[in-house]
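What follows is one structure encoded as structure tokens, with my remarks underneath.
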Ligand code: IMP
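Residue numbers (this note's numbering): 150 to 618.
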């Protein structure tokens with residue numbers, strides 16, 4: 150049995166909490182895409198751990214696997230592992246030999262491309278972790294894989310091909326002098342000239358390879374997971390980011406470079422789609438919507454300077470008030486930057502699209518408590534575009550930006566003692582909130598597995614464990 154966790158919006162749906170709750174039954178938790186662009190906070194036995202690469206399950210004694218669909222920065226991985234060791238933990242983390250390696254030059258190139266794009270206001274607002282450039286090299290058949298770090302001859306050959314190209318890109322295309330670039334601007338732990346130096350990279354990455362081998366961390370991912378399953382173990386597949394920034398199904402080009410949707414779980418672990426499909430696929434939904442950075446958001450309330458497009462957002466006094474209310478109640482400020490997130494009503498065309506792309510068998514709806522106290526809760530039920538009613542989002546981002554949300558209204562629900570609700574179960578959820586949840590489940594033709602009613606792991610109403618679904 151597998152359970153696959155997928156973000157159905159823009160990536161801040163509270164996947165971590167649900168992985169925690171339902172991961173309890175899992176023996177292995179495998180991430181299938183992304184890299185250290187995914188920040189998550191894990192609270193375990195009263196201690197807080199901030200991680201970006203180590204799967205949260207590994208802190209709780211599960212085997213954490215970084216699947217072949219991931220891009221792995223070994224420097225980040227070992228920093229996180231060392232920090233966990235210092236705090237007395239000994240997490241069991243395995244890395245797929247087929248996963249691609251993020252090199253320091255990828256981070257430099259990520260930053261340089263964003264700089265160039267920002268001159269034309271088309272920057273994606275990436276996390277600067279080198280994610281896009283690493284996936285580009287994977288698709289361009291010039292990447293370095295984790296398995297290559299274990300074989301010095303292969304590593305030499307791979308670097309000999311790719312590094313001169315990258316140097317030429319910086320010097321001849323961008324016209325920049327490597328010596329004049331500051332490593333701090335790119336968050337790399339070597340100087341910029343070293344980031345583009347074959348010998349320096351060879352020494353550093355060979356050492357990472359030796360450590361991976363000494364600690365027995367590398368695996369043939371699909372075969373490893375299949376063996377575990379054959380022994381009767383339970384596997385959870387953990388998606389990072391969300392459908393709205395999926396490279397195929399998101400708001401291209403304002404996307405990440407991988408597939409957070411459920412298909413990514415098969416490709417990114419090496420277990421087939423039938424295995425993923427025999428299990429549960431859980432769409433994580435926030436009871437409203439948030440987005441960081443630019444791009445369409447037809448149900449947006451209020452306006453965030455520098456992020457909301459000129460025509461976007463309900464900028465009426467009431468719209469601004471609601472935005473502030475939801476943002477403050479939900480703590481919708483970036484964890485690292487403190488920047489306010491854009492907020493809006495739930496967007497059903499987007500959720501229908503997410504459910505179609507991933508085939509959700511069930512849902513976990515978070516932040517239901519955040520909306521408590523509002524007289525009316527609205528939902529963008531459909532869009533109107535060029536006089537037509539749309540049930541799902543159009544395929545181009547430009548058309549999506551032109552869509553006007555058509556709303557449905559629900560009576561609001563009161564503020565209650567949510568921890569009591571979490572203990573008592575689904576029937577204790579206020580009736581109007583149950584109606585809202587019922588609507589979402591019916592529209593997406595999926596069961597409700599869980600309802601998040603507060604920030605903690607214990608503030609979750611578990612309706613059905615997806616491992617039993
Ligand atoms: P990249 O993944 O660093 O290339 O960034 C591409 C886009 O994905 C940017 O808009 C990022 O803000 C967004 N993004 C990447 N990772 C996350 C995440 O974990 N949560 C939310 N947004 C993310």
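Built from N, CA and C at the ideal position, the CB exists for glycine as well.
Roughly how many angstroms separate the alpha carbons of residue i and residue j, rounded to a whole number?
i           : j           : result
residue 323 : residue 568 : 55 Å
residue 374 : residue 180 : 12 Å
residue 222 : residue 245 : 13 Å
residue 344 : residue 162 : 35 Å
residue 335 : residue 319 : 14 Å
residue 424 : residue 379 : 12 Å
residue 527 : residue 460 : 20 Å
residue 487 : residue 160 : 16 Å
residue 304 : residue 355 : 8 Å
residue 348 : residue 502 : 47 Å
residue 447 : residue 462 : 7 Å
residue 294 : residue 250 : 5 Å
residue 280 : residue 413 : 16 Å
residue 184 : residue 253 : 14 Å
residue 325 : residue 481 : 38 Å
residue 342 : residue 316 : 9 Å
residue 220 : residue 382 : 26 Å
residue 579 : residue 516 : 14 Å
residue 278 : residue 556 : 38 Å
residue 175 : residue 399 : 29 Å
residue 198 : residue 192 : 6 Å
residue 534 : residue 465 : 22 Å
residue 445 : residue 365 : 45 Å
residue 269 : residue 195 : 46 Å
Between which two residues does the alpha helix (DSSP H) holding residue i run?
i           : result
residue 170 : 164-172
residue 583 : 580-593
residue 280 : 280-288
residue 599 : Note, residue 599: premise wrong, no alpha helix (DSSP H); beta strand (DSSP E) at 596-601.
residue 340 : Premise fails: residue 340 is in no alpha helix (DSSP H) and is neither H nor E.
residue 360 : 347-363
residue 479 : 466-479
residue 505 : 497-507
For residue i versus residue j, is the C-beta distance shorter than 9 Å?
i           : j           : result
residue 511 : residue 450 : no
residue 590 : residue 507 : no
residue 177 : residue 205 : no
residue 519 : residue 479 : yes
residue 202 : residue 238 : no
residue 434 : residue 182 : no
residue 155 : residue 430 : yes
residue 215 : residue 208 : no
residue 291 : residue 311 : yes
residue 439 : residue 491 : yes
residue 357 : residue 308 : no
residue 164 : residue 388 : yes
residue 452 : residue 427 : no
residue 282 : residue 247 : no
residue 168 : residue 615 : no
residue 218 : residue 417 : yes
Please list the terminal residues of the continuous beta strand (DSSP E) segment that includes residue i.
i           : result
residue 530 : 525-534
residue 555 : 553-560
residue 154 : 151-156
residue 371 : Segment 370-379 is the alpha helix (DSSP H) holding residue 371; no beta strand (DSSP E) there.
residue 241 : 241-245
residue 180 : 177-180
residue 538 : 537-539
residue 620 : There is no way to answer for residue 620, as the model of the chain reaches only from 150 to 618.
residue 512 : 511-515
residue 619 : Missing from the structure shown is residue 619; the chain here goes from 150 to 618 and no further.
Review point. Counting only runs that start and end within the segment 191-226, where is the beta strand (DSSP E) found for 3 or more residues in a row?
Key: 196-200, 212-215, all fully within the segment 191-226.
Point to revise | Runs of beta strand (DSSP E) wholly within the segment 384-464 (minimum 3 residues, chain order) | key: DSSP runs (the beta strand (DSSP E)) wholly in the segment 384-464: 384-387, 429-435, 438-440.
Check your understanding: Which ranges would you report for the alpha helix (DSSP H) in the segment 291-329 if only whole runs of at least 4 residues count?
Key -> Unbroken alpha helix (DSSP H) stretches of 4 residues or longer found wholly inside the segment 291-329: 301-317, given in chain order.
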